[in-house]
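The next block holds one structure in the form of structure tokens; read it before the comments.
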Amino acid sequence: MTEEEARERILAAAEELYYRKGYAAVGMDELRSAAGVSLRRLYALFPAKNDIVAAVLDRRHRQWESALDGAIAAAGDDPRERLLAVYRYLEDWFCTGDFRGCAFINAFGELGGTHPEVARIVREHKASFQEHMAALVAASGAPAALAAQLSILAEGAQSTAAISGDPQVAAQARAAAEVLIDAATAR
Numbered sequence: 001m002t003e004e005e006a007r008e009r010i011l012a013a014a015e016e017l018y019y020r021k022g023y024a025a026v027g028m029d030e031l032r033s034a035a036g037v038s039l040r041r042l043y044a045l046f047p048a049k050n051d052i053v054a055a056v057l058d059r060r061h062r063q064w065e066s067a068l069d070g071a072i073a074a075a076g077d078d079p080r081e082r083l084l085a086v087y088r089y090l091e092d093w094f095c096t097g098d099f100r101g102c103a104f105i106n107a108f109g110e111l112g113g114t115h116p117e118v119a120r121i122v123r124e125h126k127a128s129f130q131e132h133m134a135a136l137v138a139a140s141g142a143p144a145a146l147a148a149q150l151s152i153l154a155e156g157a158q159s160t161a162a163i164s165g166d167p168q169v170a171a172q173a174r175a176a177a178e179v180l181i182d183a184a185t186a187r
């Protein structure tokens, strides 16, 4: 197994375990076993658990942005539909059998207070999402303040759906987004 293959196996196993069980609950031995690599190889690639957590969050960030960009692109050229595509994407995500909330919110809740690097990564991810929303809002011609409102709505939907286990939260958030968008663009 190449170094890149071992790294990928470790990150895939870590992402699944951390998301399912929590960051603090997963030890290096459990991760090593799930990835099918030796403890020596694990530590050679990731000298500390924080290194793995950071790499998993970086990987998750790239996956999130790629999937979100795909959903937005699939909505076509209508600026309103591109904004609403964010909430359709959330609904699809919430309906997956393994949805357990936002991995970034989960990481921040578990580790953000004691691991400044995790807090920084989470803040950057959330800022990136707000930048995405700001670009979509600007393209719609709506006031810039709408971006923060729609971002907060999406973030709240993620937390609420994780806690309630109800994927319909995304549809409710989309309906609220429609009201906000229509009010902002009617001005």
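In full-length UniProt numbering, the protein residues as written are 1 to 187.
Each residue gets a CB set at the ideal place from its N, CA and C atoms; glycine is no exception.
Under 8 Å between C-beta atoms of residue 34 and residue 54: no
Residue closest to residue 146, alpha-carbon to alpha-carbon, out of 155, 133 and 158: Residue 133 is the option with its Cα nearest to residue 146.
For residue 168, the three-state DSSP class (helix, strand or coil): Coil at residue 168, not helix or strand.
Whole-number beta carbon distance between residue 90 and residue 157, since they are thought to touch under 8 Å: A Cβ-Cβ distance of about 6 Å is found for the pair residue 157 and residue 90, placing them in contact under the 8 Å criterion.
Buried versus exposed call for residue 42 [16 or more other C-beta atoms within 10 Å across all chains shown]: buried
Chain-order list of residues whose beta-carbon lies under 7 Å from that of residue 171 (same chain, five-residue window excluded): 91
Residue 152, buried or exposed, once every other Cβ within 10 Å from all chains shown has been counted against 16: exposed
Where residue 26 sits in the DSSP three-state scheme: In the structure shown, residue 26 sits in coil (DSSP, three-state: anything other than H, G, I, E or B).
Range covered by the alpha helix (DSSP H) that runs through residue 104: 103-107
Straight-line gap, residue 144 to residue 128 (C-alpha atoms, nearest Å): 16 Å
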